[in-house]
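Since the structure comes first, as structure tokens, the remarks are kept for the end.
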Amino acid sequence: MSKEQIKLFLMENQSAITKEHISCSDILDLKDQFYKEFGKKPRISEAIIYTWLHFYINKYTDGSNKRKVVVKPETKFSAKFGNQTLDISVLEENTIKLGVSIKMSTSTSAYLDGADFINPFFDKYRKHFVKDEEEYERKRREGKRIGVPTLLQDMARIENLKSIRPYFPSITIVYSGRKPKDSFWIQEFEKLGHSYIFLKESLDVSFIEVLKSKFPSFANMR
302 MSKEQIKLFL MENQSAITKE HISCSDILDL KDQFYKEFGK KPRISEAIIY TWLHFYINKY
362 TDGSNKRKVV VKPETKFSAK FGNQTLDISV LEENTIKLGV SIKMSTSTSA YLDGADFINP
422 FFDKYRKHFV KDEEEYERKR REGKRIGVPT LLQDMARIEN LKSIRPYFPS ITIVYSGRKP
482 KDSFWIQEFE KLGHSYIFLK ESLDVSFIEV LKSKFPSFAN MR
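For the sequence shown, the working numbering begins at 302 and goes up steadily by one.
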């Protein structure tokens with residue numbers, strides 16, 4: 302049912318969602334409008350950003366899109382360890398040119414899952430989230446849920462993809478504002494060429510301007 306609700310909402314609000322200079326505040330308002338009409342279904346956050354990116358790259362090129370750039374919603378790719386999913390990916394001839402992760406908040410519950418259990422990226426930071434080493438190793442062996450910081454899980458999965466591919470920029474778009482505890486992770490992962498946009502911190506700024514400030518080359522993707 303939620304897929305149909307999201308599809309209906311996107312169709313009914315297409316003109317608002319696909320404005321080239323939609324503001325960060327507009328995006329938040331659209332999310333809140335959906336919540337009011339249909340309830341809290343987090344996937345709408347990805348759908349709004351995906352729809353805007355798709356129209357920006359395709360609609361405003363008069364349909365030419367000479368570089369054959371494609372925007373894909375949630376897609377699974379092969380990774381160094383197992384498979385990994387990107388919320389949104391921008392590809393040119395099947396090569397990832399931009400990887401996008403969408404988060405409602407940096408406080409969203411996150412747990413090790415699938416390829417996470419064999420991804421050594423987590424080991425670099427285990428002192429920041431492991432309280433009991435024995436319990437951690439037991440749960441890891443048994444494949445049981447282990448809570449980890451949201452931004453750490455996010456970056457580990459993106460690095461799992463990047464490590465076997467030509468370099469591509471990546472960004473996490475967060476609907477809420479940053480929290481004090483996020484500073485360490487943001488500073489740490491920006492060293493890896495990853496960027497962050499907190500929509501709530503740029504309410505009156507157009508989304509495209511915020512995106513270009515992180516990736517000046519984005520304007521040339523269409």
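C-beta atoms are modelled at their ideal positions from N, C-alpha and C, and glycine is treated no differently.
Between which two residues does the alpha helix (DSSP H) containing residue i stretch?
| i | result |
| --- | --- |
| Leu392 | Premise fails: Leu392 lies in the beta strand (DSSP E), 389-393, not in any alpha helix (DSSP H). |
| Val511 | 508-515 |
| Tyr437 | 434-443 |
| Tyr336 | 325-339 |
| Ile498 | Not the alpha helix (DSSP H): Ile498 falls in the beta strand (DSSP E), residues 495-499. |
| Phe430 | No alpha helix (DSSP H) contains Phe430, which DSSP labels as neither H nor E. |
| Phe490 | 483-491 |
| Ile318 | 315-318 |
Round the Cβ separation of residue i and residue j to the nearest angstrom and send it over; I've been treating them as touching at under 8 angstroms.
| i | j | result |
| --- | --- | --- |
| Arg466 | Ile397 | 6 angstroms |
| Ser402 | Asp388 | 5 angstroms |
| Ser346 | Asp505 | Not really, about 20 angstroms apart at Cβ, beyond 8 angstroms. |
Compute the Euclidean distance between the alpha carbons of residue i and residue j, then round it to the nearest angstrom.
| i | j | result |
| --- | --- | --- |
| Leu331 | Pro517 | 26 angstroms |
| Ser406 | Ser324 | 19 angstroms |
| Lys360 | Ala380 | 31 angstroms |
| Phe374 | Glu510 | Note on residue identity: the sequence assigns Pro, not Phe, to residue 374. One C-alpha to the other measures close to 22 angstroms. |
| Tyr437 | Ile447 | 7 angstroms |
| Gly340 | Phe310 | 12 angstroms |
| Gln315 | Leu399 | 24 angstroms |
| Ile307 | Leu354 | 16 angstroms |
| Leu512 | Phe519 | 8 angstroms |
| Lys445 | Arg479 | 29 angstroms |
| Glu394 | Phe378 | 15 angstroms |
| Ile328 | Tyr357 | 15 angstroms |
| Val371 | Tyr351 | 11 angstroms |
| Gly278 | Lys425 | This structure cannot settle anything about residue 278, because the visible part of the chain is limited to 302 through 523. |
| Lys440 | Val431 | 11 angstroms |
| Ser514 | Ser507 | 11 angstroms |
| Tyr412 | Val449 | 6 angstroms |
| Lys463 | Phe469 | 7 angstroms |
| Asn521 | Glu338 | 36 angstroms |
For residue i, report the span of its beta strand (DSSP E) as first-last.
| i | result |
| --- | --- |
| Ile472 | 471-475 |
| Ile349 | Ile349 -> not in any beta strand (DSSP E); alpha helix (DSSP H) instead, spanning 344-359. |
| Lys373 | 370-373 |
Check the DSSP bridge columns for residue i and list the partner residues they point to.
| i | result |
| --- | --- |
| Leu399 | Val391 |
| Gly448 | Tyr412 |
| Ser303 | For Ser303, which the question treats as bridged, DSSP gives no partner whatsoever. |
| Asn420 | None; Asn420 has no bridge partner. |
| Gln385 | Phe378 |
| Lys404 | Val475 |
Can you find a C-beta in chain C that's less than 7 angstroms from the C-beta of residue i?
| i | result |
| --- | --- |
| Lys440 | This model lacks chain C altogether, as it is built from one protein chain only. |
contact_flag[the stretch 495-511, the stretch 467-477] where n(CB pairs < 8 angstroms) is 3 or more: yes
Three or more C-beta pairs below 8 angstroms linking the stretch 449-458 and the stretch 480-490: yes
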